[in-house]
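The structure appears below as structure tokens.
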Ligand SMILES: [Zn+2]
């Protein structure tokens with residue numbers, strides 16, 4: 010599991026809402042991670058590691 014302080018999500022680039030990290034455990038290929046904006050529903054693709062998906066979220070272009 011993720012330890013506290015490990016996740017540093019920036020706010021949504023579209024609406025400045027809070028991004029939240031979700032874990033999809035239903036994938037047959039193992040856990041997948043997605044960041045979804047709680048305000049507008051904007052989301053990243055599913056990625057294999059939380060580091061990757063957080064990096065993608067934090068650097069995504071508007
Ligand atoms: Zn948003």
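In our numbering, the protein residues as written are 10 to 71.
The beta-carbon is built from N, C-alpha and C at its ideal position, and this holds for glycine as well.
Whole-angstrom C-beta distance between residue j and residue i, which should lie under 8 Å
i: residue 58; j: residue 66; result: Not a contact, Cβ separation roughly 13 Å.
Opening and closing residue of the alpha helix (DSSP H) in which residue i lies
i: residue 65; result: 59-68
Cut-off 7 Å between Cβ atoms - residues of its own chain near residue i, not counting five sequence neighbours on either side
i: residue 32; result: 40, 42
Bounding residues of the beta strand (DSSP E) (the contiguous stretch that carries residue i)
i: residue 28; result: 28-33
i: residue 46; result: 41-46
Cβ-based neighbour list, residue i, same chain, cut-off 8 Å, excluding 5 preceding and 5 following
i: residue 44; result: 18, 28, 29, 30, 31, 52, 53, 62, 63, 65, 66
i: residue 49; result: 21, 23, 24, 26
i: residue 56; result: 41, 42, 43, 62, 65
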